[in-house]
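Novice:
Protein chains: 2
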Amino acid sequence: MGLKFEIVARDKGTRARAGRISTPHGVVETPAFMPVGTAGTVKGMTQEHLEQLGVQMLLANTYHLYLRPGHETIRELGGLHRFMSWPHPILTDSGGFQVMSLKGLGRVTEDGVYFRSHIDGSLHFLSPEKAVEIQLALGADIIMTLDECVEYPSSHETLLRATKLTGRWARRGRQFYDEQELRQAGIGSRESGVGTEGESSSGSLAPSPESLAPSPSLFGIVQGGTDPALRRQSAEEIVGIGFEGYALGGLSVGEPKTEMYDTVEHTDGLLPEERPRYLMGVGTPEDLGECVARGVDLFDCVLPTRNARNAGVFTAEGKLVVKNARYARDEQPLDPQCECFVCRRYTRSYLRHLFMAGEMLAGILATYHNLYFYLDSLRRIRQSIQFGKLERNYPRVRAGH
Amino acid sequence: MGLKFEIVARDKGTRARAGRISTPHGVVETPAFMPVGTAGTVKGMTQEHLEQLGVQMLLANTYHLYLRPGHETIRELGGLHRFMSWPHPILTDSGGFQVMSLKGLGRVTEDGVYFRSHIDGSLHFLSPEKAVEIQLALGADIIMTLDECVEYPSSHETLLRATKLTGRWARRGRQFYDEQELRQAGIGSRESGVGTEGESSSGSLAPSPESLAPSPSLFGIVQGGTDPALRRQSAEEIVGIGFEGYALGGLSVGEPKTEMYDTVEHTDGLLPEERPRYLMGVGTPEDLGECVARGVDLFDCVLPTRNARNAGVFTAEGKLVVKNARYARDEQPLDPQCECFVCRRYTRSYLRHLFMAGEMLAGILATYHNLYFYLDSLRRIRQSIQFGKLERNYPRVRAGH
Numbered sequence: 277m278g279l280k281f282e283i284v285a286r287d288k289g290t291r292a293r294a295g296r297i298s299t300p301h302g303v304v305e306t307p308a309f310m311p312v313g314t315a316g317t318v319k320g321m322t323q324e325h326l327e328q329l330g331v332q333m334l335l336a337n338t339y340h341l342y343l344r345p346g347h348e349t350i351r352e353l354g355g356l357h358r359f360m361s362w363p364h365p366i367l368t369d370s371g372g373f374q375v376m377s378l379k380g381l382g383r384v385t386e387d388g389v390y391f392r393s394h395i396d397g398s399l400h401f402l403s404p405e406k407a408v409e410i411q412l413a414l415g416a417d418i419i420m421t422l423d424e425c426v427e428y429p430s431s432h433e434t435l436l437r438a439t440k441l442t443g444r445w446a447r448r449g450r451q452f453y454d455e456q457e458l459r460q461a462g463i464g465s466r467e468s469g470v471g472t473e474g475e476s477s478s479g480s481l482a483p484s485p486e487s488l489a490p491s492p493s494l495f496g497i498v499q500g501g502t503d504p505a506l507r508r509q510s511a512e513e514i515v516g517i518g519f520e521g522y523a524l525g526g527l528s529v530g531e532p533k534t535e536m537y538d539t540v541e542h543t544d545g546l547l548p549e550e551r552p553r554y555l556m557g558v559g560t561p562e563d564l565g566e567c568v569a570r571g572v573d574l575f576d577c578v579l580p581t582r583n584a585r586n587a588g589v590f591t592a593e594g595k596l597v598v599k600n601a602r603y604a605r606d607e608q609p610l611d612p613q614c615e616c617f618v619c620r621r622y623t624r625s626y627l628r629h630l631f632m633a634g635e636m637l638a639g640i641l642a643t644y645h646n647l648y649f650y651l652d653s654l655r656r657i658r659q660s661i662q663f664g665k666l667e668r669n670y671p672r673v674r675a676g677h
Numbered sequence: 277m278g279l280k281f282e283i284v285a286r287d288k289g290t291r292a293r294a295g296r297i298s299t300p301h302g303v304v305e306t307p308a309f310m311p312v313g314t315a316g317t318v319k320g321m322t323q324e325h326l327e328q329l330g331v332q333m334l335l336a337n338t339y340h341l342y343l344r345p346g347h348e349t350i351r352e353l354g355g356l357h358r359f360m361s362w363p364h365p366i367l368t369d370s371g372g373f374q375v376m377s378l379k380g381l382g383r384v385t386e387d388g389v390y391f392r393s394h395i396d397g398s399l400h401f402l403s404p405e406k407a408v409e410i411q412l413a414l415g416a417d418i419i420m421t422l423d424e425c426v427e428y429p430s431s432h433e434t435l436l437r438a439t440k441l442t443g444r445w446a447r448r449g450r451q452f453y454d455e456q457e458l459r460q461a462g463i464g465s466r467e468s469g470v471g472t473e474g475e476s477s478s479g480s481l482a483p484s485p486e487s488l489a490p491s492p493s494l495f496g497i498v499q500g501g502t503d504p505a506l507r508r509q510s511a512e513e514i515v516g517i518g519f520e521g522y523a524l525g526g527l528s529v530g531e532p533k534t535e536m537y538d539t540v541e542h543t544d545g546l547l548p549e550e551r552p553r554y555l556m557g558v559g560t561p562e563d564l565g566e567c568v569a570r571g572v573d574l575f576d577c578v579l580p581t582r583n584a585r586n587a588g589v590f591t592a593e594g595k596l597v598v599k600n601a602r603y604a605r606d607e608q609p610l611d612p613q614c615e616c617f618v619c620r621r622y623t624r625s626y627l628r629h630l631f632m633a634g635e636m637l638a639g640i641l642a643t644y645h646n647l648y649f650y651l652d653s654l655r656r657i658r659q660s661i662q663f664g665k666l667e668r669n670y671p672r673v674r675a676g677h
């Protein structure tokens, strides 16, 4: 249990809070946005770029890394931080979301999920225990329990079933994690000279320094769609099991914005104040502000990076598609109000040309800018919270913390 | 005529020289390698990366920029330097090489080359005059005459015909360039207040500052395959016309290495000492050293960048294909002797993973490293020349300067 969370400031008029999550690989100042580094890389960015952007924590996808290069390979290479040369905090998801969103490739049972690799069609099985085991091998700072995320709309029966399954899986994940912790503690003392030989899980390899590193923190996930009663039921169950942080899953899956905001507001009110809250897979720049005001501390989303690769650029004036012919001779930066290196040096006309020519630099520059836009937005929001001025921007959000 | 070339050191035992080319956008210390920025971008590199690498001059391809976004667009946007935000020297090729290497799409006549766009199949015509006109619109520091480059092997008749055509085209290019220079001088005085209205070639747009910038330098190209007599004939003709620099074309098109080295040695001996010599489209790291020793000052080649995108990495120990399974758990840097940021931070196992997963970062990191390898090689070679020690590495090269 390596995670410490302090709340350093609260906004007066909303539920927003500014905090600090201390992880084995460093501090994350919240609210924070985690860029998505699916396969151990944020597409188009060097790790130097991410550091220059002030990225504090990355999200990496367990599903992708399990399939390629394999969690055992990463474990043998000293864990994900060392493998990808990112010595800062990392959060891994459970793999469940990817598995279930590969339509037709996955099948959910009580035990876990059967799925086929999108790479070679091979058959795999992911259980709540396996999800934790893989993530422990990857060695992230924050890891997630396996949950079942259903689409919107779903019938009440489906939602109820998935929410209850998520609860049982959370309990199994927690139990497996705790057993591993005890075992790890045993290995720890054995390696101090007490134990016997031949029990290393990594076979003939010498135990890596990472195996003695502080443990990752396990987060539980609340499901329940947009149904307040189900969300309450799920929150009570997940909080009852007890985790170091709590995530809101099953949102941004097609529901109307107002329902998402209402669900976030409702659910955040059911989660313990003193633990970080992570809204998974959300969202637009507007969503970030709205959900911070409702008490969210952590976000991840592919929107800034995926949009960037398709010429979709976020600016203070709204979104623009820089591939559009109207930008062919536009000598303005992507966002005249932005101070990132891309906006200080390159024009829309050049970016438009790069996209039309299919050049790698198009995606690189647009990705950098979009991530800067997201991270800078959250830095400003955090500052507003510290100055107690966030409510000015979100007058419709009820406070009630 | 904006180009000044000084020789600052000569190697004792070879024909190598260290020089300085002063262009309108800065100094190029020779021998120098120009990365290829085909469409106004070196694939996968930001301009910041290129500056960090110490790139002094880029090559951009006239053919690609003419088709997309169009030379008139680039002229209106202030020229290529401003368009791509590269305030350092640029050399553009004539477009001829690309046109003729699009098999079946080009047809050579006395007037010029008819060709079809690889983008939309539209028909275009490139003459020696048009090649200069396009390059003047792009506004590079060094521009090239149109030449005909034939494959190896070609019959003596083909070589002779192409070499003679190259000579006639060089004369036409030179003449057109000189007329433009006179016209430009006229425009210059008119814009000082003497002229009449309505003659601006860029229509309703205000004259850009670039239109008054120092003119690019025109280089001539020597052809003749690997035939010493033809090379002599071509060199005499091209030098007779008179250019600010001389290029060796028609090499690295399939001929054996020894024939290429012999041809470079022979041809460089026919070119004036006091003008820069540019070996087009060459070559491997070994080629650079061998050809510097034979008197070459400038190189360009897609090898380091194109190979990088296909996982081919240059190292002090030779080339390696980092996609190979043997590197899956190799924690060494790409080149243990290299000091670039890629080799200081990332492992072969990570690069191998990135290539297997088809991630952009694979090409980015490998390209940076390969360019560093090339640029660093030439920096060391230049230093050896200044210390008079190059001949130790190239004992078989005859001096004779």
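For the protein sequence lines, the chains are A and B, in the order given. Residue numbers are given in the working numbering: position 382 of the first sequence equals residue 658, and the series is strictly consecutive. Residue numbers are given in the working numbering: position 142 of the second sequence equals residue 418, and the series is strictly consecutive. Even for Gly, the Cβ is constructed at its ideal location relative to N, Cα and C. Here the structure is a predicted model, which is why all the values come from computation and not from measurement.
1. Give me whichever residues DSSP pairs with SER298 (chain B) in a beta bridge.
2. Identify whether PHE309 (chain B) lies in helix, strand or coil by the three-state DSSP scheme.
3. Between the beta-carbon of TYR626 (chain B) and the beta-carbon of GLY316 (chain A), is there less than 9 Å?
4. Between which two residues does the beta strand (DSSP E) holding SER493 (chain A) run?
5. Identify, in the order they occur along the chain, each residue of the same chain with its Cβ nearer than 6 Å to the Cβ of CYS567 (chain B), setting aside the five sequence neighbours on each side.
6. When the Cβ atoms of the region 353–360 of chain B are set against those of the region 385–399 of chain B, are three or more pairs found closer than 8 Å?
7. Measure the CB-CB distance between LEU334 (chain A) and LEU326 (chain A) and report whether it falls below 9 Å.
8. Does the count of Cβ pairs from the region 438–448 of chain A and the region 402–417 of chain A closer than 8 Å reach three?
9. Of all the options A:VAL498, A:LEU279, A:VAL318, A:ARG286, which has the alpha carbon lying nearest to the alpha carbon of VAL303 (chain A)?
10. Would you check if there are 3 or more beta carbon pairs closer than 8 Å linking the region 596–610 of chain A to the region 655–671 of chain A?
11. Look at the Cβ atom of VAL572 (chain A), then the Cβ atom of PRO307 (chain A), and state whether they are nearer than 9 Å.
12. Could you tell me how far apart the beta carbons of LEU574 (chain B) and MET310 (chain B) are, in whole angstroms, since I believe they sit closer than 8 Å?
13. If you run the structure through DSSP and keep just helix, strand and coil, what is LEU610 (chain B)?
14. How would you label GLN613 (chain B), buried or exposed, when you count the other beta carbons within 10 angstroms and need 16 or more for buried?
15. For ALA315 (chain B), go through chain A and note every residue whose CB falls closer than 7 Å to its CB, in chain order.
16. What's the call for ILE514 (chain B), buried or exposed, on a 16-neighbour Cβ count within 10 Å?
17. Mind checking PRO532 (chain B): buried by the 16 CB within 10 Å criterion, or exposed?
18. What is the C-beta distance between ARG553 (chain B) and GLU520 (chain B), in whole angstroms, given that I count them as a contact (C-beta under 8 Å)?
19. For my contact list, GLU305 (chain A) and GLN332 (chain A) are in at a C-beta cut-off of 8 Å; report their separation, rounded to the angstrom.
20. Does the distance from the C-beta atom of ALA537 (chain B) to that of VAL498 (chain B) stay below 9 Å?
21. Should THR472 (chain A) go down as buried or exposed, given a rule of 16 or more other Cβ atoms within 10 Å for buried?
22. Could you pull out every residue in the same chain whose Cβ sits closer than 7 Å to the Cβ of ALA438 (chain A), ignoring the five residues on either side in sequence?
23. Taking the straight line between their C-alpha atoms, what separation do you get for TRP362 (chain B) and VAL408 (chain B)?
24. Using a Cβ-Cβ cut-off of less than 9 Å, give me the residues of the region 607–629 of chain A that come near chain B, in sequence order.
25. From HIS542 (chain A) to PRO504 (chain A), what distance separates their C-alpha atoms?
26. What whole-angstrom Cβ distance do VAL589 (chain A) and ALA642 (chain A) have, given they're in contact under 8 Å?
27. What do you get for HIS432 (chain A), buried or exposed, if any count of 16 or more other CB atoms within 10 angstroms of its CB means buried?
28. Does any residue of chain B have a CB that is nearer than 9 Å to the CB of THR338 (chain A)?
29. Return the CA-CA distance between ARG392 (chain B) and TYR339 (chain B), expressed in angstroms with no decimal places.
30. Taking the beta strand (DSSP E) that ASP576 (chain A) falls in, what are its first and last residues?
31. Please decide whether ILE497 (chain A) counts as near chain B, where near means a Cβ-Cβ distance under 9 Å.
32. Return the bridge partner residues of ILE418 (chain B) from the DSSP annotation.
33. Start and end of the alpha helix (DSSP H) containing GLY565 (chain B)?
34. Would you give the residue range spanned by the alpha helix (DSSP H) that ALA735 (chain B) belongs to?
35. Using beta carbons (cut-off 9 Å, strictly below), is SER480 (chain A) in contact with chain B?
Specialist: The relevant details are as follows:
1. B:LYS280, B:VAL303
2. strand
3. yes
4. 493–498
5. VAL540, LEU555
6. no
7. yes
8. yes
9. A:LEU279
10. no
11. yes
12. 7 Å
13. coil
14. exposed
15. ALA633, GLU635
16. buried
17. exposed
18. In fact, because the Cβ distance is near 12 Å, the residues do not count as touching under 8 Å.
19. 6 Å
20. Checking the sequence, you will find Tyr at residue 537 (chain B) rather than Ala. Their beta carbons are not under 9 Å apart, which means TYR537 (chain B) does not touch VAL498 (chain B) by this criterion.
21. Annotation note: pLDDT 39 at THR472 (chain A) (below 50); position unreliable, no value reported.
22. GLU424, VAL426, GLN499
23. 21 Å
24. GLU607, PHE617, VAL618, ARG621, TYR622, THR623, SER625, TYR626, ARG628, HIS629
25. 7 Å
26. 6 Å
27. exposed
28. no
29. 11 Å
30. 574–576
31. no
32. B:LEU367, B:SER493
33. 561–568
34. The shown model of chain B, from 277 to 677, leaves out residue 735 (chain B), and the question about it has no answer.
35. Only weak support is given to the placement of SER480 (chain A): the predicted model assigns it a pLDDT of 38, under 50, and the value that follows is read from those uncertain coordinates. So no, SER480 (chain A) is outside the interface.
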